[in-house]
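**Student:** Before I ask anything, let me first share the structure, which is written out below as structure tokens.
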Amino acid sequence: MTSPLPPSPHASVLDLAPVVPVVVVADVADAVPLARALVAGGLPAIEVTLRTPAALDAIRAIAAEVPDAVVGAGTVLTPEHVAESVAAGARFLVSPGWTDALLDAMKSSGVPFLPGVSTTSEVVALLERGVREMKFFPAQAAGGTPYLRSLAGPLPQARFCPTGGIGLDTAPDYLALPNVGCVGGSWMLPADAIAARDWQRVEELAREASALRR
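Each residue of the sequence shown is one higher than the one before, counting from 12 in my numbering.
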């Protein structure tokens, strides 16, 4: 059975799990076993970044062969990326930032999306456009938990998925904030485990991450 994700383009992707793995797939052959390990560990929402030539094929493979995964596309930078990602089977979209053209394309895509912000003005501009759920990036470099905590007072309607420099040790601090729905990270995907195709280790690290409380 496919993992539940509401069909509305404005539906939340922040509530599927406390952590969204941010995945860079260099070899499409790794996509399906990697996704299965993450899902088995309790992390069904998987962001495959469009940073490699294998990314779109990885999204296609996961969408076709791992029905319990909710696969999305990350590093979405252009309207063309939006169209290609949705055609490949992406069920949500994540960008590190946004422009009017990119935001229009994401809003028209028919799938949920998280445009990236790092300043208060960007948050206010998105709220003005009717968007309340966003990626906060790069989280640690942009001010971390103190910054997000300070936004909760004047902008309580905005919710975030902080990503960038977050690990198992800092994720609980973000998840404790009232305006954070989940965090994004890649600490459950260590390079040595991926190189060795040690999917059992990935599953164990995913299970540890999925146990974090929001």
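Glycine included, every Cβ here is placed at the ideal spot set by N, Cα and C. In this text the structure is predicted, and so the values were computed from the model without any measurement.
If you compare alpha carbons, which of MET145, LEU114, GLU219, LEU159 is closest to LEU179?
**Tutor:** Closest by alpha carbon: GLU219.
**Student:** Out of ALA69, GLU215, SER119, which has the shortest C-alpha to C-alpha gap to ALA37?
**Tutor:** Selected option, being the one with the closest Cα: ALA69.
**Student:** Would the stretch 41-61 and the stretch 202-222 be scored as touching if the rule is three or more Cβ pairs under 8 Å?
**Tutor:** Output reads yes: the stretch 202-222 touches the stretch 41-61.
**Student:** How long is the line joining the alpha carbons of ALA75 and ALA28, rounded to whole angstroms?
**Tutor:** When rounded, the distance between both Cα atoms is 21 Å.
**Student:** In three-state terms, what does DSSP make of LEU104?
**Tutor:** Strand, per DSSP.
**Student:** Comparing the CB of ALA187 with every heavy atom of the ligand FMN, is any distance shorter than 8 Å?
**Tutor:** Of the ligands one can find in the structure shown there are none, so the ligand FMN has no counterpart to examine.
**Student:** DSSP state of LEU114, grouped into three classes?
**Tutor:** The answer is helix: DSSP assigns LEU114 an H, G or I state.
**Student:** Just confirm the distance between the C-beta atoms of GLY195 and GLU95, as a whole number of angstroms; I'd bet it's less than 8 Å.
**Tutor:** About 21 Å separates the two Cβ atoms, so there is no contact after all.
**Student:** Under 9 Å, do GLY176 and GLN151 count as touching if we go by C-beta distance?
**Tutor:** In contact: GLY176 and GLN151 (Cβ atoms closer than 9 Å).
**Student:** Under 8 Å Cβ to Cβ from ALA136, same chain only, skipping five residues before and after it: list those, please.
**Tutor:** Closer than 8 Å at the Cβ level, and outside the excluded window around ALA136, lies no residue.
**Student:** Short check: CB of PRO32 to CB of SER197, under 9 Å?
**Tutor:** Going by C-beta atoms, PRO32 is nearer than 9 Å to SER197.
**Student:** Tell me the residue span of the alpha helix (DSSP H) that contains ILE177.
**Tutor:** Neither: ILE177 is in no alpha helix (DSSP H) and is coded neither H nor E.
**Student:** Who are the Cβ neighbours of THR63 in its own chain at under 7 Å, not counting the five residues just before and after it?
**Tutor:** Cβ neighbours of THR63 beyond the five flanking positions: VAL35, VAL36, ALA37.
**Student:** Around the C-beta of PRO173, are 16 or more other C-beta atoms found within 10 angstroms, so that it is buried, or is it exposed?
**Tutor:** Label assigned to PRO173: buried.
**Student:** Under a Cβ-count criterion, where at least 16 other Cβ atoms within 10 Å of its own Cβ denotes burial, should ARG102 be classed as buried or exposed?
**Tutor:** When all chains shown are included, ARG102 counts as buried.
**Student:** Put VAL43 into one of helix, strand or coil per three-state DSSP.
**Tutor:** Helix, per DSSP.
**Student:** So the alpha helix (DSSP H) THR156 belongs to, where does it begin and stop?
**Tutor:** Here the alpha helix (DSSP H) through THR156 covers 155-163.
**Student:** Taking the C-alpha atoms as reference points, what is the distance between GLN168 and PRO189?
**Tutor:** For GLN168 and PRO189, the distance between alpha carbons rounds to 10 Å.
**Student:** Taking the alpha carbon of ALA112 as the point to measure from, which residue in THR89, ALA84, SER129 has its own alpha carbon closest?
**Tutor:** Comparing Cα-Cα distances from ALA112 to each of THR89, ALA84, SER129, the minimum goes to THR89.
**Student:** Can you tell me which of the three DSSP states PRO251 falls into?
**Tutor:** Residue 251 lies beyond the residue range present for the chain, which begins at 12 and ends at 225; the question has no answer from this structure.
**Student:** Tell me the residue span of the beta strand (DSSP E) that contains VAL81.
**Tutor:** First-last of the beta strand (DSSP E) with VAL81: 81-85.
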